[in-house]
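Asker:
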Amino acid sequence: MIEEIRKKYFPMQLPDGVEARSVTSEVATDVMRLLWHSIFPDDKNIKYFRTVKERMAKQEALWKLHNTIHHERIVFYNKDKKPIGWIFGDMEDYMTFYLRLFGLLPEYRRKKIFSTFQSAFFEYLKEVGYERVAAHHHINNRAVLISQLKAGYGIVGFEVDERFGLLAKVLHFLHEDRRRGYEKVFSLPRDPIC
Ligand SMILES: CC(C)(COP(=O)(O)OP(=O)(O)OC[C@H]1O[C@@H](n2cnc3c(N)ncnc32)[C@H](O)[C@@H]1OP(=O)(O)O)[C@@H](O)C(=O)NCCC(=O)NCCS
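In our numbering, the protein residues as written are 355 to 548.
1) For T405, which of helix, strand or coil comes out of DSSP?
2) Give every residue of the same chain whose Cβ lies closer than 8 Å to the Cβ of N523, excluding the five residues on either side of it in the sequence, and list them in chain order.
3) What's the call for G457, buried or exposed, on a 16-neighbour Cβ count within 10 Å?
4) Any heavy atom of ligand 1 within a distance shorter than 7 Å of the CB on I400?
5) Considering only residues of the stretch 486-540, which uninterrupted alpha helix (DSSP H) runs meet the minimum length of 4 residues and lie entirely inside it, listed in chain order?
6) Measuring from the CB of F456, is there a heavy atom of ligand 1 at a distance below 7 Å?
7) Based on DSSP bridge pairs, tell me the residues matched to G439.
8) Quick one: residues in its chain with C-beta nearer than 6 Å to the C-beta of V385, no 5 flanking neighbours on either side, listed in chain order?
9) At the level of alpha carbons, what is the spacing between R533 and F540?
10) Confirm the yes/no value for this check: CB of A554, any heavy atom of ligand 1, distance under 7 Å.
11) Starting from L388 and walking both ways along the alpha helix (DSSP H), at which residues does that stretch end?
12) Return the chain-ordered list of same chain residues with a C-beta closer than 6 Å to the C-beta of L455, the five sequence neighbours on each side being excluded.
13) From what residue to what residue does the beta strand (DSSP E) around L368 run?
14) Using only the alpha-carbon positions, how far apart do R387 and R496 sit?
15) Are there 16 or more other CB atoms within 10 angstroms of the CB of I356, so buried, or fewer, so exposed?
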């Protein structure tokens, strides 16, 4: 069922002649490796905890098992068919899609590529049946937090993670009634800009 719905949305045309394509995990991983340091140049200066080599083989086996649930691997290509970014995401639970990792090369940012993609992606996830979209971000990643708040996400929590440090959890409701439920349960006044 998901494959049929995916075909309606991908390949997806985005601003600046960029095309988003649904790809295999292998292709997405190669693109991620190729672009990682250009998209996250500060990454090497951060002392993240990383799994030690001796435990990697088992971790990779579990990663493959995890990949058998619904996941999306999207690569963004420019007019010359060169990869310029990617999005990885997976089913978090039966109603929540988790956006795990995404980014664009610096020269392709602020062109509405991500916001245009995200609006269409929400429609796709809604048609598949999801109700919520979640993500975690470093609390000082202004670009992603602002772009996601603008797209309707709310901050629903903070997490102290041994791998990535302090993270804000953001959540977007794909249906208006669920959003109203969120406002009601916390007696929140309606956000005037969304
Ligand atoms: C986060 C990211 C994907 C946003 O993509 P993008 O295509 O540049 O975003 P958009 O052009 O759609 O921006 C939409 C809105 O978000 C806000 N925004 C985006 N980048 C911003 C920045 N650097 N500073 C402040 N606001 C920003 C703006 O309000 C923007 O609208 P505007 O341009 O009309 O002012 C991109 O900045 C990126 O690749 N960052 C590095 C990777 C990363 O941090 N990934 C997230 C963690 S996994």
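All residues carry an ideal CB built from backbone N, CA and C; glycine is no exception.
None of these values were measured; they are calculated from a predicted model.
Answerer: Result, derived from the coordinates:
1) Reading the sequence shown from its first residue, position 51 is the one you call residue 405. Note: T405 maps to coil in three-state DSSP.
2) On the sequence shown, residue 523 is found 169 positions in, with the first residue counted as 1. According to the sequence provided, residue 523 is Lys. The question's Asn does not apply to it. Once the five neighbours on either side are set aside, the close Cβ partners of K523 are A488, A489, H490, I509, V510, G511, F512, E513.
3) Taking the sequence shown and counting its residues from 1, one reaches residue 457 at position 103. When all chains shown are included, G457 counts as buried.
4) As a first step, residue 400 must be located in the sequence shown, where it is residue number 46. No, ligand 1 has no heavy atom inside 7 Å of this Cβ.
5) Annotation note: the stretch 486-540 contains the following uninterrupted alpha helix (DSSP H) runs of length 4 or greater, listed N- to C-terminal: 496-504, 530-539.
6) On the sequence shown, residue 456 is found 102 positions in, with the first residue counted as 1. Yes; taking the cut-off as 7 Å, the Cβ of F456 has a heavy atom of ligand 1 nearer than that.
7) If you number the sequence shown from 1, residue 439 lands on position 85. DSSP output for G439 lists F430, L458 as bridge partner(s).
8) Residue numbering aside, residue 385 sits at position 31 when the sequence shown is read from its first letter. V429, P437, W440, listed in sequence order.
9) Working through the sequence shown from its first residue, we reach residue 533 at position 179. Working through the sequence shown from its first residue, we reach residue 540 at position 186. R533 and F540: Cα-Cα distance of roughly 11 Å.
10) Any property of residue 554 remains undetermined from this structure, which presents the chain solely from 355 to 548.
11) Position 34 of the sequence shown holds residue 388. That run of the alpha helix (DSSP H) goes 379-393.
12) Counting from one through the sequence shown, the residue named residue 455 turns up at place 101. Here the set comprises F442.
13) Position 14 of the sequence shown holds residue 368. Per DSSP, L368 belongs to the beta strand (DSSP E) from 366-368.
14) Residue numbering aside, residue 387 sits at position 33 when the sequence shown is read from its first letter. Residue numbering aside, residue 496 sits at position 142 when the sequence shown is read from its first letter. Approximately 24 Å, taken between the alpha carbons.
15) To locate residue 356, count along the sequence shown from 1; it is residue 2. Exposed, since its Cβ has fewer than 16 Cβ neighbours within 10 Å.
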